[in-house]
Amino acid sequence: MKKLRVALQLRDDEIVQILKLVDFNVTKSELGAIFRQEDHPNYKPCGDQLLRNFLNGLIIHLRGPQEPRKPAADQPKAYPPRRNKPDNR
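Just so you know, the sequence shown maps onto residues 1 to 89 in UniProt numbering.
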């Protein structure tokens with residue numbers, strides 16, 4: 001999570017806003033605990049749930065909200081690939 005923060009040049013308040021896009025509320029102080037050194041007494045490891053929600057929020061932040069899908073009746077059918085039949089010569 002620390003490397004993503006540095007690579008994307010995000011501040012704590014921007015990360016909080018990204019997480020709010022997926023209805024995941026976290027405070028700046030909780031983020032501060034995650035970004036502390038591992039030997040600090042108030043260090044908190046970044047859990048899978050936080051990382052998953054951050055990545056989902058980042059997708060929405062960068063791409064925008066997902067458009068609704070078309071109904072299945074409007075989409076063309078996808079046929080399986082043809083198999084080559086053996087020659088019976």
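Note that beta-carbon positions come from the ideal geometry of N, C-alpha and C, so glycine has one too.
Note that the structure is predicted; figures quoted are calculated from it, not measured.
- Query: Roughly how many whole angstroms lie between the Cα atoms of R11 and D39?
  - Reply: Taking the sequence shown and counting its residues from 1, the one referred to as residue 11 is at position 11. Taking the sequence shown and counting its residues from 1, the one referred to as residue 39 is at position 39. In a straight line, the C-alpha of R11 is about 23 Å away from that of D39.
- Best match in K2, L4, N42, L55 for proximity to F24 [C-alpha to C-alpha]: To locate residue 24, count along the sequence shown from 1; it is residue 24. The shortest C-alpha separation from F24 is found at L55.
- Which residues mark the beginning and the end of the alpha helix (DSSP H) in which E67 is found? Counting from 1 along the sequence shown, the entry for residue 67 is found at position 67. Note, E67: premise wrong, no alpha helix (DSSP H); not H, not E.
- Which of the three DSSP states, helix, strand or coil, is assigned to N84? Position 84 of the sequence shown, counting from 1, holds the residue named residue 84. N84 falls in the coil class under three-state DSSP.
- For H40, name the three-state secondary structure that DSSP assigns. Translated into the one-based positions of the sequence shown, residue 40 becomes position 40. Of the three classes helix, strand and coil, the one that applies to H40 here is coil, per DSSP.
- Helix, strand or coil for Q9, going by three-state DSSP, please let me know. Position 9 of the sequence shown holds residue 9. Looking at Q9 - three-state DSSP - the assignment turns out to be coil, as it is neither helix nor strand.
- Message: Determine whether the beta carbon atoms of I34 and K44 lie at a separation below 8 Å.
- Response: In the sequence shown, counting from the first residue as 1, residue 34 sits at position 34. In the sequence shown, counting from the first residue as 1, residue 44 sits at position 44. Cβ atoms of I34 and K44: closer than 8 Å.
- Item | Rounded separation between N42 and G32 - CA only | For the purposes of this step, residue 42 is identified with residue 42 of the sequence shown, where counting begins at 1. For the purposes of this step, residue 32 is identified with residue 32 of the sequence shown, where counting begins at 1. Near 9 Å, if we compare the C-alpha coordinates of G32 and N42.
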